[in-house]
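2 protein chains.
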Amino acid sequence: MAQGPTIALDAMGGDHGPTVVLAGAELARVRFPEIRYLIFGREDEIRKVLKQYPKLEAASEIIHTDDVVLGSDKPSQALRRSRTSSMGMAIQSVKDGQAQAAVSAGNTGALMAMAKFILRTNEGIDRPALVALLPNMRSESVMLDLGANTECSAENLVQFAVMGAAFARTVLGLNRPKVALLNIGEEELKGTDDLKEAAARLRDTDLPMEFVGFTEGDKIGVGDVDVIVTDGFSGNIALKTAEGTAKLISGLLRRAFLHSLWTKLGYVLARGGLRALRSHLDPNNHNGAVFLGLNGLVVKSHGSANAAGMAAAISLSYDLITDDISRRIAQDLENFRATPAAPTEDA
Amino acid sequence: MAQGPTIALDAMGGDHGPTVVLAGAELARVRFPEIRYLIFGREDEIRKVLKQYPKLEAASEIIHTDDVVLGSDKPSQALRRSRTSSMGMAIQSVKDGQAQAAVSAGNTGALMAMAKFILRTNEGIDRPALVALLPNMRSESVMLDLGANTECSAENLVQFAVMGAAFARTVLGLNRPKVALLNIGEEELKGTDDLKEAAARLRDTDLPMEFVGFTEGDKIGVGDVDVIVTDGFSGNIALKTAEGTAKLISGLLRRAFLHSLWTKLGYVLARGGLRALRSHLDPNNHNGAVFLGLNGLVVKSHGSANAAGMAAAISLSYDLITDDISRRIAQDLENFRATPAAPTEDA
Chain U
497 MAQGPTIALD
507 AMGGDHGPTV
517 VLAGAELARV
527 RFPEIRYLIF
537 GREDEIRKVL
547 KQYPKLEAAS
557 EIIHTDDVVL
567 GSDKPSQALR
577 RSRTSSMGMA
587 IQSVKDGQAQ
597 AAVSAGNTGA
607 LMAMAKFILR
617 TNEGIDRPAL
627 VALLPNMRSE
637 SVMLDLGANT
647 ECSAENLVQF
657 AVMGAAFART
667 VLGLNRPKVA
677 LLNIGEEELK
687 GTDDLKEAAA
697 RLRDTDLPME
707 FVGFTEGDKI
717 GVGDVDVIVT
727 DGFSGNIALK
737 TAEGTAKLIS
747 GLLRRAFLHS
757 LWTKLGYVLA
767 RGGLRALRSH
777 LDPNNHNGAV
787 FLGLNGLVVK
797 SHGSANAAGM
807 AAAISLSYDL
817 ITDDISRRIA
827 QDLENFRATP
837 AAPTEDA
Chain H
497 MAQGPTIALD
507 AMGGDHGPTV
517 VLAGAELARV
527 RFPEIRYLIF
537 GREDEIRKVL
547 KQYPKLEAAS
557 EIIHTDDVVL
567 GSDKPSQALR
577 RSRTSSMGMA
587 IQSVKDGQAQ
597 AAVSAGNTGA
607 LMAMAKFILR
617 TNEGIDRPAL
627 VALLPNMRSE
637 SVMLDLGANT
647 ECSAENLVQF
657 AVMGAAFART
667 VLGLNRPKVA
677 LLNIGEEELK
687 GTDDLKEAAA
697 RLRDTDLPME
707 FVGFTEGDKI
717 GVGDVDVIVT
727 DGFSGNIALK
737 TAEGTAKLIS
747 GLLRRAFLHS
757 LWTKLGYVLA
767 RGGLRALRSH
777 LDPNNHNGAV
787 FLGLNGLVVK
797 SHGSANAAGM
807 AAAISLSYDL
817 ITDDISRRIA
827 QDLENFRATP
837 AAPTEDA
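If you want it as structure tokens, here you go:
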């Protein structure tokens, strides 16, 4: 077997710590037996779980540390433990070239701050962005920024578009993804000046993407756009509102099926179809948010993800490593700079 | 019967024009027979529909105009027709005191621009906001601004909170609504400076509301907050994302029930429960977005609303007129100014 990539795991992150992290790695191992793992955290706890998976154990090295970043830790507190915490050490191993990606289900703010501090941004990127996949009517779309940057300039948005398109080419396997800016109307006169300027600059690019202009919140689920670009404030609100609405409807559905004996029987009969629906919307199947724009890959798994979710985040890392996403982004950005700049329109 | 309020209807707005507008008014008439109507638009078209509803006809006066604002008209184009279009004339009748509220299902941007131009903002209000009701797990919550203002200052957000609380007291019948600012985290250090400043100022108010701090997109559907305050950009994106997610899930549900003969039978059995779910989420049952903060009431009905939706928008207008929402807001704002200002914290 060819020597595969090495992935660093923060074993202590997430709601369930090593139990779920390692069960997920075992699932990923079945699919990608060539991956090697560096596992950071409390050795005794890790060893106990790892014993259940002898093949995974054989592909893994444990690096012990007692220091764990908690969900309640502020990013500034976590930053001071960049060299001692399981989260920080996992990222550090990417910097040192021992691993090609770090995966953590821990505190998002802390992970973001440490990743940026340890790995620094790519040349040509001013700010990293948090990107993830969202389910839509057809399959999935890519959305960024999901919360790394509260306020974004036109230049930031343009860079996010380039990074998001490269991500879609790798993860969705598209040659020429359709890219749109999230706005409150599709007309050119809507939105902030930064949005208008970003649109004007993206309109004349010669990159492997199709810029389709503005899109709106109600189109995210339709799937006619592959990459949705927005600032981290709006992106975070859109993502969480979608999650909340899905939860609201599934709560109401449960209530609907409990309504009477007939509806309960109806549920039993419809179960097969509903299972496919649940699987399509299950966040575990879309798990893994990536910090794009850094000198190294860091993937955030949802804190409440199960083993299948952790496996999805590891598989995503594998795809991004194999496809050399960082090089793709660097190349696209260089080509973007080489495109003659479009005149900026002020509305 | 006591002389009821007069409501101005733009008969030409929305996807179906007079047919749905007047069918909606007829439904509202059954509930509130004391309302009188001024109906603006093409007399022959209106007369033809109105003939079907003799009691409504007896309570109505038609004011003819040929000029209709189209969905494709820009706000600036529409503004020039403030005195000639059915939409503009309906708002004008509120200004002149002939009607106490205007209801239109037409072009939102045009309606917003004309309403602001004709009615001007209330004293003490810098910018009007678009407010509406959203379904949640318990019942409904109030959200604003939904798109009137792309960028908002701390002062704007504070005024929106005061207006939204007054709206919730009237429409949801609450004495002390829970008010929160929409943010990307619940911690005090998250978000923009304007959000932090608005929070600091709302924390020390002595108004009939309970300011509970920040809330997030995934909490909108939970219903533990009665009033969600945000800028028009984020509010519009959250509202439309919620709509889009609901549409995505109902599309997937349809697919799930069509999966096999068993699932189809399951649907038939569960129909009773599912009908209650559909009714709880049906936008027609929450129809009517209100421009708060103007010297006069303007209510926007959804362009695709059916007769029940139009009736909901008219009923909402009736409640707001009866409860004198404008006076409530003015009073609350005055009390707010009288509260000693809290020191502004910079983070």
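Quick mapping for you: the protein sequence lines, in order, are chains U and H. Residues 497 to 843, numbered by the working numbering, are exactly what the first sequence covers, in order. Residues 497 to 843, numbered by the working numbering, are exactly what the second sequence covers, in order. Just so it is clear, CB atoms sit at the ideal spot from N, CA and C, and this is done for glycine as well.
Query	Result
Per-residue burial, G660 (chain U) [other beta carbons within 10 Å of its own, 16 or more giving buried]	buried
Chain-ordered chain H contacts of L773 (chain U) [CB-CB under 7 Å]	L748, L749 and A752
Classification of T848 (chain U) by the beta-carbon crowding that lies within 10 angstroms, buried from 16 upward	No information on residue 848 (chain U) is available, as it lies outside the stretch 497 to 843 that chain U covers here.
T604 (chain H) to S797 (chain H) span [Cα, whole Å]	9 Å
Host alpha helix (DSSP H) of D778 (chain H) (start-end)	It is not in any alpha helix (DSSP H) - D778 (chain H) carries neither H nor E in the DSSP assignment.
Proximal residues of chain H, C-beta to C-beta of S730 (chain U) below 8 Å	F729, S730 and I733
Same chain only: Cβ atoms within 6 Å of G509 (chain H), ignoring 5 sequence neighbours per side	S600, A601 and G602
Spatial neighbours of D828 (chain U) in its chain, beta-carbon cut-off 6 Å, leaving aside the 5 residues before and after	V658, A662 and L703
Continuous alpha helix (DSSP H) stretch holding T502 (chain H): start and end	Run containing T502 (chain H): none in the alpha helix (DSSP H); it sits in the beta strand (DSSP E), T502 to D506.
Where M633 (chain H) meets chain U, residues with beta-carbon distance less than 7 Å	L744 and G747
CA-to-CA distance, P550 (chain U) to V675 (chain U), given in whole angstroms	44 Å
Residues that F729 (chain U) bridges to, as DSSP identifies them	BP columns for F729 (chain U) are empty, so no partner.
6 Å CB neighbourhood of F528 (chain H) in its chain, flanking five on each side removed	Y814
Three-state class that DSSP yields for G709 (chain U) in the structure shown	strand
Proximal chain H residues relative to E647 (chain U), where beta-carbon distance stays under 9 Å	T688
Amino acids of chain U, ordered along the chain, whose beta-carbon sits closer than 9 Å to that of A738 (chain H)	G713, D714, T737, A738, G740, T741 and L744
Distance CB(S581 (chain H))-CB(A574 (chain H)) smaller than 8 Å	yes
Whole-angstrom C-beta distance between A664 (chain H) and V638 (chain H), which should lie under 8 Å	5 Å
Buried versus exposed call for V516 (chain H) [16 or more other C-beta atoms within 10 Å across all chains shown]	buried
Interface flag, Y814 (chain U) vs chain H, CB-CB below 8 Å	no
Amino acids of chain H, ordered along the chain, whose beta-carbon sits closer than 7 Å to that of G717 (chain U)	G740, T741, K743 and L744
Proximity below 8 Å, CB of I559 (chain H) to CB of F536 (chain H)	yes
Y814 (chain U) - partner residues in DSSP beta bridges	Y814 (chain U) pairs with nothing; no bridge assigned.
A628 (chain H) to Q596 (chain H) span [Cα, whole Å]	19 Å
CA-to-CA distance, G799 (chain H) to R771 (chain U), given in whole angstroms	35 Å
L754 (chain U) versus G768 (chain H): straight-line alpha-carbon distance, rounded	11 Å
Member of U:R699, U:E530 and U:M633 whose CA lies at the smallest distance from the CA of A742 (chain H)	U:M633
Rounded C-alpha distance that separates H776 (chain U) from A752 (chain H)	11 Å
Three-state secondary structure assigned by DSSP to E553 (chain U)	helix
Backbone CA spacing between M806 (chain U) and G784 (chain U) [nearest angstrom]	8 Å
C-alpha gap between T737 (chain H) and P631 (chain U), whole angstroms	13 Å
Min CB distance D842 (chain U) to chain H below 8 Å	Any reading at D842 (chain U) must be qualified, since the residue scores a pLDDT of 45, below 50, and its modelled position is unreliable; no value is offered.
Contacts around L640 (chain U), its chain only, beta-carbon distance under 6 Å, and the 5 residues preceding and following it disregarded	A625, V627, F656 and G660
Contact under 8 Å by Cβ, G643 (chain U) with G728 (chain U)	yes
Where the region 565-594 of chain U meets chain H: residues whose CB sits under 8 Å from a CB there	K570
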